[in-house]
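Step one of this worksheet: look at the structure below.
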Amino acid sequence: MKEVVDRWSSRRAFILAVTGAAVGLGNIWRFPYVAGENGGALFFLLYVFFVLAMGLPVMIAEIMIGRAGRRPPIQALAALAQERGRSAKWSWVAGFGLLTVFLVLSFYSVVSGWSIEYLSSTVQGKFAGASAENISHALDVFLANPWLVVLNHSLFMLLTMAVVAKGVSSGLERLNNWLMPLLYLLLVVLVIYAATTPGFGEALKWLFSPKFEELTPLVVVNALGHAFFTLAIGACALMAYGAYMPEDQSLVKAVVIVAVLDVLVAVLSGVAIFSVVFSHHLDPTSGPGLMFVALPIAFSAMPFGIPLLGAFFLLLLFATWTSSINLAEPMVASISTGRLSRPVAALIVGLCVWAAGLLPALSFSTLANVRPIAGMTFFDLVTSVPPDIFLPLGGLMIAWFAASVLDPEKAAGALGVGTSGFRLWLRITRYVAIPLVVLVLLSALVPKLI
Ligand code: PHE
4 MKEVVDRWSS RRAFILAVTG AAVGLGNIWR FPYVAGENGG ALFFLLYVFF VLAMGLPVMI
64 AEIMIGRAGR RPPIQALAAL AQERGRSAKW SWVAGFGLLT VFLVLSFYSV VSGWSIEYLS
124 STVQGKFAGA SAENISHALD VFLANPWLVV LNHSLFMLLT MAVVAKGVSS GLERLNNWLM
184 PLLYLLLVVL VIYAATTPGF GEALKWLFSP KFEELTPLVV VNALGHAFFT LAIGACALMA
244 YGAYMPEDQS LVKAVVIVAV LDVLVAVLSG VAIFSVVFSH HLDPTSGPGL MFVALPIAFS
304 AMPFGIPLLG AFFLLLLFAT WTSSINLAEP MVASISTGRL SRPVAALIVG LCVWAAGLLP
364 ALSFSTLANV RPIAGMTFFD LVTSVPPDIF LPLGGLMIAW FAASVLDPEK AAGALGVGTS
424 GFRLWLRITR YVAIPLVVLV LLSALVPKLI
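Residue numbers (my numbering): 4 to 453.
This is the structure we're talking about:
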């Protein structure tokens, strides 16, 4: 396959696209509830450490491969490996990445569908004056309705595939320019409001003062998985975006900006949500429904709260849309290389992911009692195994490829910070990032083996 000629229209557009991929449900929905289940501050500390020590080098590796290969992930890995006289089987790493994005998108679309439902409930005034009990009851009632959950999941899949069918480097850019900053602004407003609530102090303590005695291998693995999930790395999704990266852009700068914004959004939404949790004596370990209960409670108690809640769900939906487009892109790009046109590829991928999404979608109703492994529903399984295990494993292989298979000259060229910068990245990747990922994954598996 020939190299792609599409490019993001500017350097800014590339940063926006990668930020769009990174910032999404991971920061606003997943971070608070996974932190809640893992004791708060210790999880947060580990997550930030993993973003710095492993996330950044792996993110660089992933985009670097895309940029050096200038093809969709499967074809890029095969071509780059063969150039170095290595086996084209390296493309299996991308195959594994595609499996991961497939699984992640299947639940991502379902949960983004919950935001569509919440947007419509807010517009209909259902949260105006509602009590905390009514709000948490409303979530259970909604999730128990299989038709409504599937309808919203279907709508979201349509939204995603409509953009991917056209090609991602055109389209979303202008919206991205406006809506993402608005989302950050609204989160800041929410945190300012949270500072006036009685639970604020406790929320800060819960998020920022770690109890080291609570350290377990599970907390470490969850923090690692979350770091990869929220940065959108380990599944070749950013690799697909790297293929369209302009020639004259600094990769390191882009990656640092994205990581800072990503952590910032998680901190803001964590502070806001845990302030509500502690002000209203909610349970921080209550799981995936946490955000959908906490935010309506917070907003409905604020001045202009209901319009702001509507704006929030709209912006959240936008943030999840830009992430799901990134999740779909590597699948669609990889199969629309030959006779298959992009729209047809998008249709096929969309239908398959939609069908797979029915399992997590129905996990709270029709399939609530189907628990294939360890008492977990399909929703529990697909929201934990691909992010926590598959992404770090994929990231490990991607980093390995970039550090030891990819032509060093090409890699240095794609990194674009000169030879000494390249050597520094190589050392950090070889001696810090790769061994740490191996260690954490082993620590998760070994206790289970014994
Ligand atoms: N980073 C996205 C989020 O935080 C999710 C994602 C994971 C996107 C993996 C692409 C690849 O919501």
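Glycine included, C-beta positions come from ideal geometry on N, C-alpha and C. Values in this document were obtained by computation on a predicted structure and should not be read as measured data.
Nearest-angstrom Cα separation, counted from Leu330 out to Asp158
Position 155 of the sequence shown, counted from the start, is the residue given in the question as residue 158. Position 327 of the sequence shown, counted from the start, is the residue given in the question as residue 330. Checking the sequence, you will find Leu at residue 158 rather than Asp. Near 16 Å, if we compare the C-alpha coordinates of Leu330 and Leu158.
Could you tell me if the beta carbon of Gly27 falls within a distance shorter than 6 Å of some heavy atom in the ligand PHE? Reading the sequence shown from its first residue, position 24 is the one you call residue 27. Answer for Gly27: yes, Cβ within range of the ligand PHE.
Q) Anyone know if the C-beta pair for Val420 and Ala262 falls short of 7 Å? A) Reading the sequence shown from its first residue, position 417 is the one you call residue 420. Reading the sequence shown from its first residue, position 259 is the one you call residue 262. No, the pair does not count as a contact, with Cβ atoms beyond the cut-off.
Quiz item: Cβ of Asn455 versus every heavy atom of the ligand PHE: is any distance shorter than 6 Å?
Solution: Outside the displayed range of the chain (4 to 453) lies residue 455, so it cannot be described from this structure.
- [ ] Pick helix, strand or coil for Ile77, following the three-state DSSP scheme.
- [x] Indexing the sequence shown from 1 puts residue 77 at position 74. Note: Ile77 maps to helix in three-state DSSP.
### Task
Return yes when the C-beta of Phe470 is under 6 Å from any heavy atom of the ligand PHE, and no when it is not.
Since the first residue shown for the chain is 4 and the last is 453, residue 470 is missing from the structure and cannot be characterised.
Exercise. Okay, do the stretch 289 to 305 and the stretch 191 to 209 touch, 3+ Cβ pairs below 8 Å being the bar?
Worked result: yes
Could you give the distance in angstroms between the alpha-carbon of Ala230 and the alpha-carbon of Phe99?
The sequence position of residue 230 within the sequence shown is 227, counting from 1. The sequence position of residue 99 within the sequence shown is 96, counting from 1. Using only the alpha carbons, I get a separation of about 19 Å.
Roughly how many whole angstroms lie between the Cα atoms of Asp251 and Val114? On the sequence shown, residue 251 is found 248 positions in, with the first residue counted as 1. On the sequence shown, residue 114 is found 111 positions in, with the first residue counted as 1. C-alpha separation (whole angstroms): 37 Å.
Handout entry: Contact test: Phe404 Cβ vs the ligand PHE heavy atom, cutoff 6 Å
Key = Position 401 of the sequence shown holds residue 404. For the ligand PHE, not one heavy atom lies less than 6 Å from the Cβ of Phe404.
Closest to Leu350 by CA distance: which of Glu332, Leu361, Ala364, Ala269 is it?
In the sequence shown, residue 350 corresponds to position 347, counting from 1. The shortest C-alpha separation from Leu350 is found at Glu332.
Could you tell me the alpha carbon to alpha carbon distance between Ala405 and Lys214, rounded to whole angstroms? For this step, residue 405 is matched to residue 402 along the sequence shown. For this step, residue 214 is matched to residue 211 along the sequence shown. Ala405 and Lys214: Cα-Cα distance of roughly 37 Å.
| Classification of Gly128 by the beta-carbon crowding that lies within 10 angstroms, buried from 16 upward | One-based indexing of the sequence shown puts residue 128 at position 125. With fewer than 16 Cβ atoms within 10 Å of its Cβ, Gly128 is classed as exposed.
What would DSSP say about Met400, mapped onto helix, strand or coil? For the purposes of this step, residue 400 is taken as the residue at position 397 of the sequence shown. Helix at Met400.
Review point. Enumerated in chain order, which unbroken segments of the beta strand (DSSP E) with a length of 3 residues or greater are wholly contained in the stretch 54 to 137?
Key: none
>> If the criterion is Cβ atoms closer than 7 Å, does the pair Leu394 and Met67 meet it?
In response: Here residue 394 refers to the residue found at position 391 when the sequence shown is read from its first residue. Here residue 67 refers to the residue found at position 64 when the sequence shown is read from its first residue. Result no, Cβ atoms of Leu394 and Met67 do not sit closer than 7 Å.
*What residues are listed by DSSP as bridge partners for Ile376?*
Mapped onto the sequence shown, residue 376 falls at position 373. BP columns for Ile376 point to Met379.
Is any heavy atom in the ligand PHE found nearer than 6 Å to the beta carbon of Ser337? Walking along the sequence shown from the start, residue 337 turns up at place 334. Every heavy atom of the ligand PHE is 6 Å or more from the Cβ of Ser337, so no.
Margin query: Which of the three DSSP states is assigned to His284 in this structure?
Written below: Indexing the sequence shown from 1 puts residue 284 at position 281. In the structure shown, His284 sits in coil (DSSP, three-state: anything other than H, G, I, E or B).
**OP:** Run the CB neighbour count on Arg74, radius 10 Å, all protein chains shown included, and call it buried at 16 or more, exposed below.
**Re:** Start at 1 with the first residue of the sequence shown, and residue 74 comes out as number 71. Looking at its Cβ environment, which holds 16 or more other Cβ atoms inside 10 Å, Arg74 is buried.
With 16 other Cβ atoms within 10 Å as the buried cut-off, status of Ala79: Reading the sequence shown from its first residue, position 76 is the one you call residue 79. Buried.
*DSSP three-state call for Ile453: helix, strand or coil?*
Here residue 453 is taken as the residue at index 450 of the sequence shown, counted from 1. Here the model assigns Ile453 a pLDDT of 47, short of 50, so the residue's position is not dependable, and the following value carries that caveat. Coil, per DSSP.
Practice item. Return helix, strand or coil for Ser289, following the three-state DSSP convention. Key: Indexing the sequence shown from 1 puts residue 289 at position 286. Coil.
Nearest to Gly397 (by Cα), restricted to the options Ala377, Ala436, Val167 = Position 394 of the sequence shown holds residue 397. Measuring from the Cα of Gly397, the nearest candidate turns out to be Ala436.
What residue does the alpha helix (DSSP H) around Glu246 start on, and which one ends it? Looking up residue 246 in the sequence shown gives position 243. Here residue 246 turns out to be Ala, not Glu, going by the sequence shown. Per DSSP, Ala246 belongs to no alpha helix (DSSP H) and is neither H nor E.
Is Ser326 near the ligand PHE, judged by its Cβ being under 6 Å from some heavy atom?
As a working mapping, residue 326 is identified with position 323 in the sequence shown. Ser326: yes, Cβ under 6 Å from the ligand PHE.
>> Between Leu210 and Val274, how many whole angstroms is the CB-CB distance? I'm expecting something under 8 Å.
In response: In the sequence shown, residue 210 corresponds to position 207, counting from 1. In the sequence shown, residue 274 corresponds to position 271, counting from 1. Right, their Cβ atoms sit about 7 Å apart.
Exercise. Within the same chain, show all residues whose beta-carbon is closer than 6 Å to that of Gly245, passing over the 5 residues directly before and after it, in chain order.
Key: Here residue 245 corresponds to residue number 242 of the sequence shown, with the count starting at 1. Excluding sequence neighbours, Gly245 sits near Ile66, Gly69, Arg70.
- Query: What residue range is occupied by the uninterrupted alpha helix (DSSP H) comprising Lys413?
  - Reply: Working through the sequence shown from its first residue, we reach residue 413 at position 410. Unbroken alpha helix (DSSP H) run through Lys413: 411 to 418.
* Asked: Thinking C-alpha only, which one of Ser326, Ser124, Thr125, Ala447 is nearest Asn179?
  -> Taking the first residue of the sequence shown as position 1, residue 179 is located at position 176. For the residues Ser326, Ser124, Thr125, Ala447, the minimum Cα distance to Asn179 belongs to Ser326.
### Query
Straight-line CA distance for Phe381 to Ser366?
Translated into positions along the sequence shown, residue 381 becomes position 378. Translated into positions along the sequence shown, residue 366 becomes position 363. C-alpha separation (whole angstroms): 6 Å.
- Query: Whose C-alpha, out of Ser423, Phe47, Val144, Val408, is nearest the C-alpha of Leu218?
  - Reply: In the sequence shown, residue 218 corresponds to position 215, counting from 1. Selected option, being the one with the closest Cα: Phe47.
| query | When you compare each of Ser282, Leu370, Phe277, Ser124 to Ile309 by their alpha carbons, which one comes out closest? | reply | The residue you call residue 309 lines up with position 306 of the sequence shown. Nearest option by C-alpha distance: Ser124.
(Q) Closer than 6 Å to a non-hydrogen atom of the ligand PHE - does that hold for the CB of Ala262? (A) The residue you call residue 262 lines up with position 259 of the sequence shown. No, the Cβ of Ala262 stays beyond 6 Å of every heavy atom of the ligand PHE.
Are there any heavy atoms of the ligand PHE lying less than 6 Å away from the beta-carbon of Phe315, as far as the coordinates show? Position 312 of the sequence shown, counted from the start, is the residue given in the question as residue 315. No - the ligand PHE has no heavy atom lying nearer than 6 Å to the Cβ of Phe315.
task = Give the range of the alpha helix (DSSP H) segment to which Glu6 is assigned.
result = Within the sequence shown, residue 6 is the residue found at index 3, counting from 1. Premise fails: Glu6 is in no alpha helix (DSSP H) and is neither H nor E.
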